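Working notes, beginning with the structure itself.
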Amino acid sequence: MMGQLEVQENLFYRFRIEDHVPRDHLLRKIDWLLDFDAIRADLADLYSHTGRPSVDPELMLRMLLVGYLYGIRSERRLVEEVHLNLAYRWFCKLGLEGRVPDRSTFSKNRHGRFADGDIMRHLFESVVEKCVGFGFVGGTDAAVDGSTIEADANRDRKDAPHEIEKLWSRKEQVQRPVAEYLAKLADTDQPSSPGPKKKPPKYLSETDPDAAWSLKDGPGRFSYETNYLIDTDHGIIMDVEATPARLSQEIIATKTMLERSAKRHDFQPDRIAADGSYGTGPFLAWLLKRNVTPHIPVLDRKHQTNGKYDISHFQYDPERDSFTCLEGHEMPLRRIKKADRIKSYFASKESCGACPIRKACTDAPFRTVTRHMDEDARQTVRDLKHTWQYDESRRRRKKVEMLFAHLKRHLGLRRLRLRGLKGANEEFLLAATAQNLKRMAKMVPG
């Protein structure tokens with residue numbers, strides 16, 4: 056005979072949440088590795104000293120880390136999971152009776168409370184310091200790359216740059232990110248930076264104008280790019296930088312990350328690997344001046360010669376800074392385009408006009424040869440391609456691509472929830488912090 060389950064409520068329970076979280080649980084290891092004492096001074100300014108007690112900033116950070124560690128992107132679901140899951144409650148220091156913030160309170164705090172500070176940056180760097188302390192950072196080999204993440208912006212709500220004035224006419228009705236963008240445009244009164252002139256963006260988003268229109272990963276959409284600088288010994292993320300999803304921003308972000316990590320963590324790698332989009336002459340020269348060996352494919356533009364002699368048929372004299380053609384005519388430096396960092400060399404019309412092999416050389420009145428101002432650095436990097444160290448760096452570089460795959464597949468970060476460059480930076484820092492914590496929890500013994 057089958058019995059019936061009888062439910063009988065006890066008046067008292069002897070229950071300790073500590074006993075129900077396994078010793079080898081991921082959150083136990085991460086809680087031991089986290090050092091909130093290092094950033095508690097920064098959190099002090101976020102506590103309310105008047106009126107109703109506000110949500111504890113540490114509780115907010117712990118809940119956010121749970122969301123990023125377990126790929127819980129929905130704020131509503133995160134609040135529910137923390138309320139129901141004993142391990143999450145234990146990690147958030149709530150116990151059995153601690154009250155989880157309701158979804159609207161959590162969302163309002165999350166979308167504005169940390170925007171004006173560097174709390175996420177300090178939390179990330181405290182974890183990096185732990186990685187350094189455990190000896191997981193070799194400090195000699197690094198890799199850099201970027202990956203696009205879709206912005207929280209409707210791809211159909213876009214304007215051309217010349218239509219941005221329309222936003223001014225209705226600025227009382229626009230959302231906060233647009234208002235901040237318009238204020239930034241109004242405050243900008245600086246001369247343009249040296250270098251090639253940047254083309255205006257094709258489209259601007261009405262809801263998140265900081266995002267860039269990108270065609271990188273499929274149909275056009277507004278996106279940001281998360282840029283990682285990693286130590287390739289164990290794949291530890293040393294720095295993160297959010298940028299609009301434009302190729303021109305990748306090198307700027309890399310310079311920022313290298314300088315910041317050198318200052319804050321004394322991370323000054325001897326070698327750095329990246330893909331071909333980083334192989335510009337100015338950037339390669341910048342790395343060599345810092346005694347960093349670039350294991351990067353040089354970005355070469357193939358010139359159309361239409362069957363005429365190419366540059367290999369001309370002899371360059373570095374002392375005179377001039378070329379000599381096959382007929383022995385000197386081609387001195389005639390023009391310098393500093394914006395494009397290009398030098399132009401050509402002989403006189405008289406020399407080319409009387410040249411017996413002119414038809415094989417050019418159809419113009421005289422032959423012009425161009426040389427990059429950073430050609431010496433470019434050639435130095437080309438020569439590195441045939442070394443075993445270059446091949447090793449290229450193999451190690453795959454670790455940063457694996458981190459991006461983990462970011463999107465396991466952490467679920469395919470589309471942002473926060474808007475603006477500050478919001479993107481906050482999300483990318485939290486995701487990188489979660490990835491470093493996971494990696495460290497696996498490697499720390501015990």
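Mind the numbering: the sequence shown is residues 56 to 501 in the numbering used here, read in order.
Positions of the beta carbon are idealized from the N, C-alpha and C atoms, including for glycine.
What you are looking at is a predicted structure, and each value in this text was computed from that prediction instead of being measured.
CA-to-CA distance, residue 280 to residue 434, given in whole angstroms: 30 Å
How is residue 250 classed by DSSP in three states: helix, strand or coil? Low per-residue confidence applies at residue 250: pLDDT is 45, beneath 50, and the placement is therefore not dependable, though the value from the model is reported in the following sentence. Coil, per DSSP.
When we look at the beta-carbon of residue 442 and count the other beta-carbons within 10 Å, is it buried (16 or more) or exposed? exposed
Can you give me the start and stop residues for the alpha helix (DSSP H) that residue 460 sits inside? 453–464
From the DSSP output, in three-state form, read off residue 382 for me. coil
Length of the line joining the Cα atoms of residue 247 and residue 394: Here residue 247 scores only 46 on pLDDT, less than 50, and its place in the model should not be relied on; the value that follows carries that caveat. Rounded to the nearest angstrom, the two C-alpha atoms are 12 Å apart.
Note down, in chain order, each residue of its chain lying with its Cβ closer than 8 Å to the Cβ of residue 502, except the 5 sequence neighbours on either side. Coverage of the chain is limited to positions 56 through 501, which leaves residue 502 absent and any answer about it impossible.
Reference residue 313; option with closest CA among 327, 304, 470, 437: 327
Would you report the Cα separation of residue 250 and residue 181, rounded to the nearest angstrom? With a pLDDT of 45 at residue 250, under the threshold of 50, the modelled position of that residue is not reliable, and the figure given next carries that caveat. In a straight line, the C-alpha of residue 250 is about 36 Å away from that of residue 181.
Skipping 5 residues on each side, what residues in its chain have a beta carbon closer than 6 Å to that of residue 269? 203, 278, 300
Using a threshold of 8 Å, is the CB atom of residue 315 nearer than that to any non-hydrogen atom of the ligand SAH? Summarising the ligand content, the structure contains no ligands, and the ligand SAH is consequently not present.
Which residue or residues does DSSP assign as beta-bridge partners of residue 209? According to DSSP, which records beta bridges pairwise, residue 209 is partnered with nothing at all.
So, using beta-carbon positions, are residue 308 and residue 282 closer together than 9 Å? yes
Could you give the residue range of the beta strand (DSSP E) that holds residue 370? 370–372
Given residue 131, which residues of its chain have a CB within under 6 Å of its CB, disregarding the five upstream and five downstream residues? 158
By a C-beta neighbour count over all protein chains shown, 10 Å radius and 16 as the cutoff for buried, is residue 374 buried or exposed? exposed
Note down the Cα distance separating residue 487 from residue 287, rounded to an integer number of angstroms. 15 Å
Do the CB positions of residue 482 and residue 471 come within less than 9 Å of each other? yes
Inter-residue Cα distance where the pair is residue 262 and residue 474: 8 Å
What's the C-alpha gap between residue 335 and residue 347? 15 Å
Secondary structure, alpha helix (DSSP H): runs of 4+ residues fully inside the stretch 122–170: 130–139, 141–146, 158–165
Report the option in 396, 323, 405, 361 whose CA atom is closest to the CA atom of residue 343. 323
In chain order, what residues of the same chain have a beta carbon less than 7 Å from the beta carbon of residue 399, not counting five sequence neighbours either side? 389, 390, 423, 425
Look up residue 480 in the DSSP assignment and say whether it is helix, strand or coil. helix
Residue from 351, 260, 89, 497 whose Cα sits closest to the Cα of residue 276: 260
Using the rule of at least 16 other Cβ atoms within 10 Å of the residue's Cβ for burial, across every protein chain shown, is residue 484 buried or exposed? buried
Check the C-beta distance from residue 451 over to residue 200 and give it rounded, since I have them as a contact under 8 Å. Incorrect: roughly 12 Å between the Cβ atoms, too far for contact.
Could you work out which residue in 162, 163, 140, 165 is closest to residue 153 when comparing CA atoms only? 140
Give me, in chain order, the residues of the same chain whose beta-carbon lies closer than 6 Å to that of residue 125; leave out the 5 immediate sequence neighbours on both sides. none
Anyone know if the C-beta pair for residue 292 and residue 177 falls short of 9 Å? no
Taking just the CA atoms, how far does residue 468 sit from residue 462? 6 Å
Distance, residue 428 Cα to residue 397 Cα: 6 Å
Our contact map puts residue 415 next to residue 364 with C-beta atoms below 8 Å; I'd like the distance itself, whole angstroms only. 6 Å
Going along the chain, which unbroken runs of the beta strand (DSSP E) with 3 or more residues stay wholly within the stretch 308–337? 326–328
Once the 5 residues before and after residue 198 are set aside, which same chain residues still bring their CB inside 6 Å of it? 285, 287, 328, 452, 455
Sequence-distant residues of its chain with Cβ nearer than 6 Å to residue 257 (five each side left out): 268
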